[in-house]
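Counted the way our numbering counts, the sequence shown spans residues 77 to 331.
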Amino acid sequence: ASATARAGEYDERVDSNVERAVEPVGPRNYIFDAGQSRRIRAELFKVIDSSDVVVEVLDARDPLGTRAPHAEEFLRREAKHKHLVFVLNKCDLVPSRVTAAWLKLLSREAPTVAFHASITNPFGKGALINLLRQFAKLHADKKQISVGFIGYPNVGKSSIINTLKKKKVCKVAPIPGETKVWQYITLMKSIYLIDCPGTVQPSGNSEEDAVLKGVVRIEQLRHAADFVEEVLRRVKPEYVRRTYDVQAWDSPTDF
């Protein structure tokens, strides 16, 4: 009778002895869900909890698309006493009028600084340091404040910290996911910086969004050509012609 009962409770879906077809390299949930793992989200909220000031780094080419609304909502709901700052990084990659327009818009929500991360030729470094010093004065009761850097993968969080320090203290790479765990760095006696792994809004991106925002490592894509159509749809034809020296095309496949 007990054997019959156990047989009735058997569920093949959880049986580790059953052979299952293995999906080819690059399954959807492995590639396109980068930056959404439970470990990375835990690192994100650990950084927020440890910070007096939270600096959200945005890509100047897509500021709204690289915001982390889940982190901003957490700050508004659970940590109103913490300060939020936007840093519009990679502003050298867009026209200055575009940067100025985004600064005006984002400044309505939080202090915003335009930035170009470079150890030798930075832009916005003085403005950001002065802003952090002002926050340190607001917390005069503390010997030092902690400043956490959060944002999408590959927006330049580690590069900004290296720029502020004028030397390479955080590992950086032109690919997403280089920062694995949070790092504590001393900027000056009264200000500490915390680098955080890139985090993505859960289920907030289509596959095209994930690829074009740099969340996905290109070498992991099975068919990178599948995303050419979306690039051509978003970019003006004259820019494509100028960059790739291709004068005309009938379709993404032809391109």
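Built from N, CA and C at the ideal position, the CB exists for glycine as well.
All of these numbers come straight from a predicted model, not from anything done at the bench.
In the three-state reduction of the DSSP assignment, leucine 182 falls in the helix class, which pools H, G and I.
Per the C-alpha coordinates, the member of Val131, Pro139 and Asp138 positioned closest to proline 187 is Val131.
Leucine 182 and serine 327 have their C-alpha atoms some 37 Å from each other.
Serine 222 places its beta carbon 7 Å or farther from that of isoleucine 261. One Cα belongs to serine 194, the other to valine 231, and the distance between them is close to 13 Å. Leucine 308 and arginine 152 have their alpha carbons spaced roughly 38 Å apart. Under the criterion of beta carbons closer than 8 Å, threonine 239 and proline 198 qualify as touching, at roughly 5 Å.
Counting along the chain, tyrosine 268 sits inside the beta strand (DSSP E) bounded by residues 267-271. The shortest CA-to-CA distance from serine 126 to any of Arg173, Arg143, Gly200 and Ala155 is the one to Ala155. DSSP places glutamine 210 in the uninterrupted alpha helix (DSSP H) bounded by 201-214.
Checking the DSSP bridge columns, you'll see histidine 192 partnered with Phe199. Less than 7 Å divides the Cβ of valine 133 from the Cβ of glycine 227.
The criterion of a C-beta distance shorter than 7 Å is satisfied by alanine 190 and glycine 200. Annotation for glutamate 306: Glu284 place their beta carbon closer than 6 Å to its own, counting only its chain and skipping 5 residues before and after. Counting only residues of its own chain and dropping the five nearest sequence neighbours on each side, valine 304 has a CB closer than 7 Å to the CB of Pro328 and Phe331. Between isoleucine 267 and leucine 208, the C-beta spacing is below 7 Å.
For histidine 159, the closest of Gly141, Glu185 and Asp128 by C-alpha to C-alpha distance is Asp128. Straight through space, the alpha carbons of valine 322 and asparagine 206 are spaced by roughly 46 Å.
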